[in-house]
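Numbering (this note's numbering), first residue to last: 299 to 1519. Yeah, the Cβ is synthetic: ideal placement off N, Cα and C, and Gly gets one too.
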């Protein structure tokens, strides 16, 4: 039928184009444009204010030229059909009566638009038109309209034409059908003129004779309310016509009346509905002509834009109404064949930029009419064409409605329209359906409360909307949801809808919550009552839904709580039905657990079983929820812990604790749960809710302590307030208290709590830092002393090691987040540990020693550790044995840093003599000897230091002999710290061993020691000087000659050290050993006693008189050493060297010192005149004077600047250096 219609339509268009050559190009362009529109393109139109009356402003509409056959027939008729003047070509004898209409006030600035009303021409009677007859429908199949009987419209006809004794129907059958149709149109036209003319009386005078003849014999009685039946009556008469050209002609004429006002549009559309039963194809041709050709006419484009938009809106509105009525009135088989075309045309007319309220309502009304028409087709496979596009348009209508408005007529109609379409196939696309549900729910649920509707209803600012209508809108939304659900009745679609409604259940506004809960209950009841509903898909949203409904069973609004309990009742019925077969076979769920809560209990209790009974909810649903559903439920409960409504927040805490108690062991997402509790804890305002939440965490910890500890450490490395509250709760819990330290200790050492193997897994892990922060808090609590028990030595070494790790990470350049805080927290944790263990006195002493500051500095860390190990057990020896054993265990760790800290503790604890009582000393010496040969410098350093501590306690000499050679080898180490500790330990070693017997083993150290006498490290320098003096006592005769040279080279450095307050005592002892070794018997024994003199200059003068006199051959070498010290970075060394040169100037005779050496000395001293140190400058000037006094004649004058020469000449008159000192 569609193909036949299109074929006829093309032929009709071709004839129209041939009948009027002047319009041929335009018609072709319009046809192309029409086809483009039909394919989906839209012609944009500006957006302007709607709802403007256009009854006074009729656009100049143009109708395509009728066919030649129709034109010929028109010429033969005596009475022309009533048409708009530009819808058909005027004949030469037709005259149009000009008329104008006044525009609305809003458009007063625009020029008036001429309006020509249709006229009736000749007085002659119409003749029969020789057109091919159409096969008339059997009378029994035609719809009967009693309200449109001829008797009711008797007033339309001239009484003279109504013969006495005959009925109106019989009289009309004798009349020509054109005369009948024109008469009805004349009455319709006259009523239009009366409504739109400013001076109807003047217009009646100017009417043509045909109108006067028809209308002059009676007073028109047509009112707006009577016009629609009149239109329908016209449609009834045109429906019965057998001539297609007559039908098409008068359809064009009828459409001209559709653009006056709303009543005429309704009337025309009603008439179209009546006509469609017999002439649907002709109607669609005419409607398509108007829809695609008329709006594009040049005459319409020439009027102002605002008026054009209004005119187009009226055209589109009328056309959509006509399409809808045509679908309703057409025979089902005809309508089904052409419904896609009608839907396409409706979409085409609706799409555009200008959409006013009337257009939207008309569009939805047309869609509803087509839906009803399709439903009347008694077939199961009826499809609604382009359904998705229509739904998208409905979504746009809903979306454009204001949120929370009191005017909801359009919203209500949109919901009804969407509901009507759900009864037809195909189902709406999932994305479109989701958008429809989301926007509909948002608009409906956010409508004002019923109390507000009472206040606002009837106010001038809002249209009157009854409370019933608001409630009907909510019900319409629920019906739409169930209608969508009925398209594909399965759990997947149910979940897609619930996703959008669930969020409103948590609304802060009670009326929004109530609407959401009622809608959810409505959906669940629908599912529970329909046995054909497919419940086989996975109900992934179940946990989330159970949580929402369970929380609101305790809602502060009683009605909401009751409806939520009823919804849970339906939900449980759905779940039990889903599992019915499995439960009948075996009373176990998918987890393999026996179902504890049988259905009998459920059925007996009824819908109120869940009201204010969250524990029952956990019992009923806990057995049937999967792991992911439990997680969703618990997460939702956590989200409501901070709800402002205490009833909801406490219900959330109870729901959380109930389900964790019921399903805690089966949870697979424990980390997520604990983290969510942590993140929400600070926002829980209700004390009872927070107590329930912490209780839930303790319950989890009692079952899975290691997991909970790990998650808490991950939640907050810094141990913020939230985690702190949880730690405090765990410490207060009797079960967790006694087991809490072990997993924290493991994590502090970056080890797996479940493993007994001690090794660090991740060098960059944050677990040790997090564990440190947690321990810092826990150890500050009074209850921590019970938890500490025998873990003090383990924590002592672990925390100290952690400090070392933190410092080491800083040394490597890695900037750990919050590193300064981490370091200080680790030290504070160590301090808390010491105080918690009862070492209060030791704690104070360590603070006075600056131990904590030393531990915080990488350079002094081990010095602080040494203070810690010595002081901590100075008074109390309770933990010293276990600490030593723990340190010994650290020596076997795989991580080198842990071994280093262990060795540091191991060796420093040897400072305490009690270690020798607890352990075998030989075993300790064996350990030290083993680690002295290790490649790690720090391990060798600490082993040597430990040996030094041990050598200060009573030992057997035989046990020390094997350690002497390795110790001396360590003294040659390039690491200055190792060398320094070796020097000290060798000194202690020779306190146990005879120097004369074992001193030869260290003779090789003497040259090395002499090089270190001027080192910048004070401790190294002093140790080297002391050991130098000791080793000289053990030099055997065979080594004397080689050692003598080293001794002479050491004289000047030792003399220089006499000026240094930190090394003068060691230097004096070494100089005495040198004098004994060199056998300077004539030298006074107290010559090196610097205390006897007021200043170092006098001491140097006395020493030089003996040392240089007894060492004349080596004086030039000594002088060269003095010059080297003039260039030292140490200012005190430069000063001492200048003083030594001044004291030695008297011995610079030509037979002892060459001229070149003298000049070198002079030049070196001259460069010190500008030294930054005042004391050095002064000493240099005195030395220059003395050198010039004794050797000036040997110095090249060019080396002496004029100013210096002048100064020197003046100083020659002063007493000499020796005389002044």
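Is residue 1214 close to chain B? Criterion is C-beta to C-beta, closer than 8 Å.
Of the protein chains in this structure there is only one, and it is not chain B.
Give the DSSP bridge partners of residue 832, in chain order.
Along the chain shown, one-based indexing puts residue 832 at 534. Answer by DSSP bridge pairing, in chain order: 788.
With burial defined as no fewer than 16 other Cβ atoms inside 10 Å of the residue's Cβ, what is the status of residue 723: buried or exposed?
By one-based count along the chain shown, residue 723 stands at place 425. The residue is exposed, with fewer than 16 neighbouring Cβ atoms inside 10 Å.
Return the residue from the list 721, 541, 457, 612 that minimises the CA-CA distance to residue 555.
Residue 555 sits at position 257 when you count from the first residue of the chain shown. Minimum Cα distance to residue 555 is reached at 612.
With distances taken between CB atoms, is the gap from residue 1482 to residue 1423 smaller than 8 Å?
The residue you call residue 1482 lines up with position 1184 of the chain shown. The residue you call residue 1423 lines up with position 1125 of the chain shown. In this structure, residue 1423 does not lie closer than 8 Å to residue 1482 by Cβ.
Count the C-beta pairs between the region 981-1000 and the region 1017-1033 that are closer than 8 Å, then say yes if the count reaches three, no if not.
The region 981-1000, when compared against the region 1017-1033, does touch it at the 8 Å Cβ threshold.
For a test of the three-state rule: what should DSSP assign to residue 541, helix, strand or coil?
Counted from its first residue, the chain shown places residue 541 at position 243. Here residue 541 sits in strand by DSSP.
What residue range is occupied by the uninterrupted alpha helix (DSSP H) comprising residue 728?
Residue numbering aside, residue 728 sits at position 430 when the chain shown is read from its first letter. Looking at the DSSP string, the run of the alpha helix (DSSP H) that includes residue 728 is 728-743.
Over what stretch of residues does the alpha helix (DSSP H) that includes residue 633 continue unbroken?
Against the chain shown, residue 633 aligns to sequence position 335. Start and end: 630-648.
Hey, out of 1363, 1402, 442, whose CA is closest to residue 1382's CA?
The residue you call residue 1382 lines up with position 1084 of the chain shown. Considering only alpha carbons, the answer is 1402.
Report yes if the CB atom of residue 812 is closer than 8 Å to the CB atom of residue 742, and no otherwise.
Against the chain shown, residue 812 aligns to sequence position 514. Against the chain shown, residue 742 aligns to sequence position 444. Contact flag unset, no.
In this structure, does DSSP put residue 681 in helix, strand or coil?
Within the chain shown, the letter at position 383 stands for residue 681. It is a strand residue.
Quick check on this structure: which residue in 547, 846, 1172, 1329 has the alpha carbon closest to the alpha carbon of residue 1210?
The residue labelled residue 1210 in the question sits at position 912 within the chain shown. Residue 1172 is the option with its Cα nearest to residue 1210.
Whose C-beta lies closer than 8 Å to the C-beta of residue 748 among residues of the same chain, with five residues either side of it excluded?
Sequence index remark: in the chain shown, residue 748 carries index 450 (1-based). 765, 768, 769, 809.
Which of helix, strand or coil does DSSP assign to residue 723?
As a first step, residue 723 must be located in the chain shown, where it is residue number 425. Three-state result, residue 723: strand.
Measure the alpha-carbon distance for residue 1340 versus residue 1302 and round it to whole angstroms.
Residue 1340 sits at position 1042 when you count from the first residue of the chain shown. Residue 1302 sits at position 1004 when you count from the first residue of the chain shown. Each residue's alpha carbon lies about 10 Å from the other.
What do you get for residue 1149, buried or exposed, if any count of 16 or more other CB atoms within 10 angstroms of its CB means buried?
To locate residue 1149, count along the chain shown from 1; it is residue 851. Result: buried.
Kindly give me the distance between the Cβ atoms of residue 1096 and residue 1047, rounded to whole angstroms, as I take these residues to be in contact under 8 Å.
The count along the chain shown starts at 1 and reaches residue 1096 at position 798. The count along the chain shown starts at 1 and reaches residue 1047 at position 749. Right, the Cβ-Cβ distance comes to about 6 Å (below 8 Å), so this counts as a contact.
So, at 8 Å on beta carbons, what are the nonlocal neighbours of residue 1506 in its own chain, with the 5 sequence-adjacent residues on each side left out?
By 1-based counting over the chain shown, the position of residue 1506 is 1208. The residues are 1482, 1483, 1486, 1490, 1498.
Which residues bound the alpha helix (DSSP H) around residue 951?
Taking the first residue of the chain shown as position 1, residue 951 is located at position 653. Where residue 951 is concerned, the enclosing alpha helix (DSSP H) stretches over 944-961.
Within 10 angstroms of its Cβ, does residue 654 collect 16 or more other Cβ (buried), or is it exposed?
Counting from 1 along the chain shown, the entry for residue 654 is found at position 356. Under this definition residue 654 is a buried residue.
What is the DSSP secondary structure of residue 1469, reduced to helix, strand or coil?
In the chain shown, counting from the first residue as 1, residue 1469 sits at position 1171. If DSSP states are grouped into helix, strand and coil, residue 1469 belongs with coil.
Could you tell me the alpha carbon to alpha carbon distance between residue 1242 and residue 1223, rounded to whole angstroms?
If you number the chain shown from 1, residue 1242 lands on position 944. If you number the chain shown from 1, residue 1223 lands on position 925. Going by the C-alpha atoms only, they are around 11 Å apart.
With residue 579 as the anchor, note down where its alpha helix (DSSP H) starts and where it stops.
Locating residue 579 in the chain shown gives position 281, where the first residue counts as 1. Unbroken alpha helix (DSSP H) run through residue 579: 560-590.
If you draw a straight line from the alpha carbon of residue 745 to that of residue 476, how long is it in whole angstroms?
The residue given as residue 745 occupies position 447 in the chain shown. The residue given as residue 476 occupies position 178 in the chain shown. Residue 745 and residue 476: Cα-Cα distance of roughly 54 Å.
Of the choices 1445, 1409, 1466, whose alpha-carbon is the least far from that of residue 1426?
Counting from 1 along the chain shown, the entry for residue 1426 is found at position 1128. Among 1445, 1409, 1466, the Cα nearest to that of residue 1426 belongs to 1466.
Do the region 602-610 and the region 581-589 meet, that is, are 3 or more Cβ pairs less than 8 Å apart?
The region 602-610, when compared against the region 581-589, does not touch it at the 8 Å Cβ threshold.
By the 10 Å Cβ neighbour count, where 16 or more other Cβ atoms means buried, how is residue 1279 classified, buried or exposed?
On the chain shown, residue 1279 is found 981 positions in, with the first residue counted as 1. Its Cβ being crowded by 16 or more others within 10 Å, residue 1279 is buried.
Can you tell me the Cβ-Cβ gap for residue 939 and residue 982, rounded? I've got them flagged as a contact below 8 Å.
The residue you call residue 939 lines up with position 641 of the chain shown. The residue you call residue 982 lines up with position 684 of the chain shown. Rounded, the Cβ-Cβ distance is 5 Å, consistent with contact.
Excluding sequence positions up to five away, which residues of its chain have a Cβ less than 7 Å from the Cβ of residue 1231?
Locating residue 1231 in the chain shown gives position 933, where the first residue counts as 1. Taken in chain order, the residues that qualify are 1264.
Does DSSP put residue 1498 in a helix, in a strand, or in coil?
On the chain shown, residue 1498 is found 1200 positions in, with the first residue counted as 1. In the structure shown, residue 1498 sits in coil (DSSP, three-state: anything other than H, G, I, E or B).
From residue 429 to residue 543, what distance separates their C-alpha atoms?
For the purposes of this step, residue 429 is taken as the residue at position 131 of the chain shown. For the purposes of this step, residue 543 is taken as the residue at position 245 of the chain shown. Any reading at residue 429 must be qualified, since the residue scores a pLDDT of 41, below 50, and its modelled position is unreliable; no value is offered.
Taking the alpha-carbon positions, what's the residue 659 to residue 989 distance?
Numbered from its first residue, the chain shown carries residue 659 at position 361. Numbered from its first residue, the chain shown carries residue 989 at position 691. Computed Cα separation, rounded: 56 Å.
Any contact of the region 1011-1020 with the region 958-968, i.e. 3+ C-beta pairs under 8 Å?
As far as the Cβ criterion goes, the region 1011-1020 does not touch the region 958-968, which means the pair count is below three.
Buried or exposed: where does residue 1500 fall if 16 or more other Cβ atoms within 10 Å of its Cβ makes it buried?
Here the question's residue 1500 lines up with position 1202 in the chain shown. Exposed, since its Cβ has fewer than 16 Cβ neighbours within 10 Å.
Taking the C-alpha atoms as reference points, what is the distance between residue 625 and residue 478?
To locate residue 625, count along the chain shown from 1; it is residue 327. To locate residue 478, count along the chain shown from 1; it is residue 180. Approximately 26 Å between the Cα atoms of the pair.
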